[in-house]
Amino acid sequence: MKKHFLSFLVMLAITTTAFSQKYFTRTGTISFYSKAPMENIEAVNKQATCIVDFATNDVAFTVLMKGFTFEKALMQEHFNENYVESDKYPKATFKGKIAEKIDLTKEGTYDVNVSGTMNIHGVDNKLQTKGKITVKKGSIVLQAEFNILLKDYKIEIPAVVKDKIASTVKITVNADCPPFKK
Amino acid sequence: MMKYIFTLLCLIGFSAYAQDDLLKELDKETKDSSNVSATFKGTRIINLQSIENPAGKDLIFLISHRFGRLNEGISEFFGLDQATIRLGLEYGITDNIAIGLGRSSLNKTLDGFAKIKILKQTADNRIPLSVSWFSSIAATTLSYSSPDKDDYTQGRMAYTHQLLLARKFSSKFSFQVSPTFVHRNLVATPQDPNQVFAVAMGGRYKFTKRLALTAEYIPTLTKMPNNTQSLSLGLDIETGGHVFQLHFTNSQGMIDRYFIPETSGLWEKGDIYFGFNVARVFTLGKK
Chain Y
1 MKKHFLSFLV MLAITTTAFS QKYFTRTGTI SFYSKAPMEN IEAVNKQATC
51 IVDFATNDVA FTVLMKGFTF EKALMQEHFN ENYVESDKYP KATFKGKIAE
101 KIDLTKEGTY DVNVSGTMNI HGVDNKLQTK GKITVKKGSI VLQAEFNILL
151 KDYKIEIPAV VKDKIASTVK ITVNADCPPF KK
Chain S
1001 MMKYIFTLLC LIGFSAYAQD DLLKELDKET KDSSNVSATF KGTRIINLQS
1051 IENPAGKDLI FLISHRFGRL NEGISEFFGL DQATIRLGLE YGITDNIAIG
1101 LGRSSLNKTL DGFAKIKILK QTADNRIPLS VSWFSSIAAT TLSYSSPDKD
1151 DYTQGRMAYT HQLLLARKFS SKFSFQVSPT FVHRNLVATP QDPNQVFAVA
1201 MGGRYKFTKR LALTAEYIPT LTKMPNNTQS LSLGLDIETG GHVFQLHFTN
1251 SQGMIDRYFI PETSGLWEKG DIYFGFNVAR VFTLGKK
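Here the protein sequences line up with chains Y and S, keeping their order. The opening position of the first sequence corresponds to residue 1 in our numbering, with each subsequent residue numbered one higher. The opening position of the second sequence corresponds to residue 1001 in our numbering, with each subsequent residue numbered one higher.
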């Protein structure tokens, strides 16, 4: 029994290192845009962390809500204080799988389908989207664009500003990930 | 049989671990070292300057209003028949430097100030405290009442210097202590000190996303034979572009030289002024 366990561990160690095809960045860009009659709302976060493991095709993103910068300081304060409640829910995360196998040895752009779970404002939702993966000079670039509904994430819009704020938000992801080194 | 079950268990355990692992690995890499924001809702706690500044290129129009005393009774409609008002503008030259101008109806006083952020509390507590400096000048422009005394310009001036120390303890609770020095060139009676030291304190407790209770107490360290100490209680209401602050206070004046050394009301006697501040933010430029 013990022997089996040990050999299993050794095997595990070998396989995980051998198949470690992880790519990682701390400076991914996630931006969102919502068009509204009064004024468009736009914010950028250039400190999204992202990791992709091509051994399992798993992909994960984490972003600090406070890292989104807006053109107007007041908008930024309202975003954090009243809408996404950053003190209570500091992060948004995505954890999912890439459906297609990517040939990392061949440079080029691949269309992919990604599905997984997005967590914003403490609420989990399934998300499925098309994206692009570009293999270039040993790095990979992840790109995706999709819409989310604010009410899916229980982000409330008060009645007085209902006309000013759109109920859907377009999210754009762009992350340039070099190979992950421990 | 046992072997297979064991291996199976290990594999299940491993795959579950691998899934979590990816997010956990990210967690280790995501540290929030940003500055704490919105320690207070507005640039005033009630009367006191709060640690908040207008953001760079933001202009705030601040209307402060105090009715008369509650104990004036029904003939004065519990103070609502009277009013003192201060109209003010404050502008953020940068996110850290703000200047302001105001005019109070009380003694027709003009005031100008500068407020500078020195330290900002961070989310990871590397800096546990926000620190700002505030200085102001106030000049009364009311025509001189006693004809037998000379009217010097200097006699109309008063100066305030204040160190603001604030901490946002949680998303709900913030507290500020402001050691303060006020110098008045001319005082009403010989017993009144020209220079007054005080340790102003203020806090807020946010009980919903848009509502907060506020309180302020300003004990003076210098002996003040003719004056009392300012105590105020209030409610902050945030509606989007505006912040409304409703409060009860025993101070009538709305600038430092009045509410710190020249408060005369007593809460127990009902010398309480009901009042409000309304702040409107205008974004003049892009960050």
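Cβ atoms here follow ideal geometry from the backbone N, Cα and C, with glycine treated the same way. Given the structure is predicted, the values throughout are model-derived calculations rather than measurements.
Report yes or no: is there a C-beta of chain S within less than 8 Å of the C-beta of Y:E71?
The count along the first sequence starts at 1 and reaches residue 71 of chain Y at position 71. Yes, because at least one Cβ of chain S sits closer than 8 Å to the Cβ of Y:E71.
Would you give the residue range spanned by the beta strand (DSSP E) that Y:Y83 belongs to?
To locate residue 83 of chain Y, count along the first sequence from 1; it is residue 83. Unbroken run through Y:Y83: none, as it is neither H nor E.
Quick one: is S:E1072 near chain Y, going by C-beta distance under 8 Å?
Position 72 of the second sequence, counted from the first residue, corresponds to residue 1072 of chain S. Taking 8 Å as the CB threshold, S:E1072 stays off the interface with chain Y.
In three-state DSSP terms, what is S:M1254?
Within the second sequence, residue 1254 of chain S is the residue found at index 254, counting from 1. S:M1254 carries a coil assignment under DSSP once its states are collapsed to helix, strand and coil.
At the 8 Å Cβ level, is S:R1069 part of the contact set with chain Y, yes or no?
Taking the first residue of the second sequence as 1, we reach residue 1069 of chain S at position 69. Judged by the 8 Å Cβ criterion, S:R1069 is not in contact with chain Y.
Excluding five sequence neighbours on each side, which residues of the same chain lie with their C-beta closer than 6 Å to the C-beta of S:I1097?
Locating residue 1097 of chain S in the second sequence gives position 97, counting from the first residue. I1116.
Return the first residue and the last residue of the beta strand (DSSP E) that S:G1056 is part of.
Mapped onto the second sequence, residue 1056 of chain S falls at position 56. In the DSSP assignment, S:G1056 falls outside any beta strand (DSSP E), carrying neither H nor E.
Any idea what DSSP makes of Y:V161, helix, strand or coil?
Mapped onto the first sequence, residue 161 of chain Y falls at position 161. Y:V161 falls in the helix class under three-state DSSP.
DSSP on Y:A73, reduced to helix/strand/coil?
Locating residue 73 of chain Y in the first sequence gives position 73, counting from the first residue. Three-state DSSP puts Y:A73 in a helix.
DSSP on S:E1072, reduced to helix/strand/coil?
Walking along the second sequence from the start, residue 1072 of chain S turns up at place 72. In this structure, S:E1072 counts as helix in the three-state DSSP scheme.
Can you pull the chain S residues whose beta carbon is under 9 Å from the beta carbon of Y:P37, in chain order?
To locate residue 37 of chain Y, count along the first sequence from 1; it is residue 37. Correct list: empty, because the minimum Cβ distance to chain S is about 15 Å.
S:G1155 to S:S1136 span [Cα, whole Å]
Here residue 1155 of chain S is taken as the residue at index 155 of the second sequence, counted from 1. Here residue 1136 of chain S is taken as the residue at index 136 of the second sequence, counted from 1. Cα-Cα distance, rounded: 16 Å.
Going by Cα to Cα distance, which pick from Y:A43, Y:I41, Y:T56 and Y:A60 is closest to Y:C50?
Working through the first sequence from its first residue, we reach residue 50 of chain Y at position 50. Nearest to Y:C50 by C-alpha distance, out of Y:A43, Y:I41, Y:T56 and Y:A60, is Y:A60.
Opening and closing residue of the beta strand (DSSP E) in which S:H1242 lies:
Translated into the one-based positions of the second sequence, residue 1242 of chain S becomes position 242. Per DSSP, the unbroken beta strand (DSSP E) holding S:H1242 starts and ends at H1242 to T1249.
Return the first residue and the last residue of the beta strand (DSSP E) that S:I1051 is part of.
One-based indexing of the second sequence puts residue 1051 of chain S at position 51. Unbroken run through S:I1051: none, as it is neither H nor E.
Looking at C-alpha atoms only, which residue of S:L1186, S:N1194, S:A1138 and S:E1216 is the closest neighbour of S:S1105?
Taking the first residue of the second sequence as position 1, residue 1105 of chain S is located at position 105. In this structure, S:A1138 is the residue among S:L1186, S:N1194, S:A1138 and S:E1216 with its C-alpha nearest to the C-alpha of S:S1105.
Between Y:T117 and Y:N147, how many whole angstroms is the CB-CB distance? I'm expecting something under 8 Å.
Stepping through the first sequence from its first residue, residue 117 of chain Y is reached at position 117. Stepping through the first sequence from its first residue, residue 147 of chain Y is reached at position 147. Between Y:T117 and Y:N147 the beta-carbon gap is near 17 Å, outside 8 Å, which marks them as no contact.
On a CA-only basis, which of S:S1171, S:D1151, S:L1221 and S:K1209 is nearest S:V1182? Give me that one, please.
Translated into the one-based positions of the second sequence, residue 1182 of chain S becomes position 182. The candidate whose alpha carbon is nearest that of S:V1182 is S:L1221.
Who are the near neighbours of S:W1267 in its chain, counting only those whose CB is closer than 7 Å to its CB and skipping five residues on each side?
In the second sequence, residue 1267 of chain S corresponds to position 267, counting from 1. Excluding sequence neighbours, S:W1267 sits near L1231 and N1250.
Please tell me whether Y:T69 and Y:T93 are closer than 8 Å, where the distance is taken between their beta carbons.
As a working note, residue 69 of chain Y is residue 69 in the first sequence. As a working note, residue 93 of chain Y is residue 93 in the first sequence. Their beta carbons are not under 8 Å apart, which means Y:T69 does not touch Y:T93 by this criterion.
Any C-beta of chain S sitting closer than 8 Å to the C-beta of Y:K126?
The residue you call residue 126 of chain Y lines up with position 126 of the first sequence. Not closer than 8 Å to any Cβ of chain S, the Cβ of Y:K126 fails to qualify, so no.
Closer than 7 Å at the beta carbon, the chain Y residues around S:A1038
Start at 1 with the first residue of the second sequence, and residue 1038 of chain S comes out as number 38. Correct list: E77 and E81.
From S:S1146, S:N1125, S:I1272 and S:L1062, residue whose alpha carbon lies closest to that of S:A1188:
The residue labelled residue 1188 of chain S in the question sits at position 188 within the second sequence. When S:S1146, S:N1125, S:I1272 and S:L1062 are compared, the shortest CA-CA separation from S:A1188 is found for S:S1146.
Starting from the Cα of S:I1118, find the closest Cα among S:G1112, S:L1129 and S:G1234 and give me that residue.
Within the second sequence, residue 1118 of chain S is the residue found at index 118, counting from 1. Answer by Cα proximity: S:L1129.
Near the ligand MN: Y:I157 beta-carbon under 7 Å from a heavy atom
What this structure holds is no ligand at all, so the ligand MN is not there to describe.
Ordered along the chain, which non-local residues of its own chain (more than five positions away) have a Cβ less than 6 Å from that of S:Q1049?
On the second sequence, position 49 is the one that residue 1049 of chain S refers to. Cβ neighbours of S:Q1049 beyond the five flanking positions: F1134.
Roughly how many angstroms separate the alpha carbons of S:L1165 and Y:K181, rounded to a whole number?
Within the second sequence, residue 1165 of chain S is the residue found at index 165, counting from 1. Within the first sequence, residue 181 of chain Y is the residue found at index 181, counting from 1. Distance between the alpha carbons of S:L1165 and Y:K181 is about 43 Å.
Interface positions of the stretch 152–182 of chain Y facing chain S (Cβ-Cβ less than 8 Å), listed along the chain
The stretch 152–182 of chain Y vs chain S, Cβ under 8 Å: P158, V160 and V161.
Looking at the secondary structure, which residues open and close the beta strand (DSSP E) in which S:A1083 lies?
In the second sequence, the residue the question calls residue 1083 of chain S occupies position 83. In this chain, the beta strand (DSSP E) harbouring S:A1083 covers A1083 to G1092.
If you run the structure through DSSP and keep just helix, strand and coil, what is S:G1079?
In the second sequence, counting from the first residue as 1, residue 1079 of chain S sits at position 79. Note: S:G1079 maps to helix in three-state DSSP.
Out of curiosity, what's the CA-to-CA distance linking S:I1272 and S:S1075?
Locating residue 1272 of chain S in the second sequence gives position 272, where the first residue counts as 1. Locating residue 1075 of chain S in the second sequence gives position 75, where the first residue counts as 1. If you take the alpha carbons of S:I1272 and S:S1075, they lie about 16 Å apart.
Using a threshold of 8 Å, state whether the C-beta atoms of S:L1062 and S:E1090 are closer than that.
Translated into the one-based positions of the second sequence, residue 1062 of chain S becomes position 62. Translated into the one-based positions of the second sequence, residue 1090 of chain S becomes position 90. Their beta carbons are under 8 Å apart, which means S:L1062 touches S:E1090 by this criterion.
Examine chain Y for any beta-carbon lying closer than 8 Å to the beta-carbon of S:F1274, and answer yes or no.
Walking along the second sequence from the start, residue 1274 of chain S turns up at place 274. Interface flag for S:F1274 against chain Y is unset, since no Cβ pair is found closer than 8 Å.
Interface flag, Y:I51 vs chain S, CB-CB below 8 Å:
Here residue 51 of chain Y refers to the residue found at position 51 of the first sequence. Residue-level contact by beta carbon holds for Y:I51 and chain S, with a gap shorter than 8 Å.
Count Cβ pairs between the stretch 132–147 of chain Y and the stretch 155–163 of chain Y that sit closer than 8 Å; are there 3 or more?
At 8 Å Cβ cutoff, the stretches do not touch.
Any beta carbon from chain Y within less than 8 Å of S:L1211's own beta carbon?
Residue numbering aside, residue 1211 of chain S sits at position 211 when the second sequence is read from its first letter. Output row for S:L1211: interface = no.
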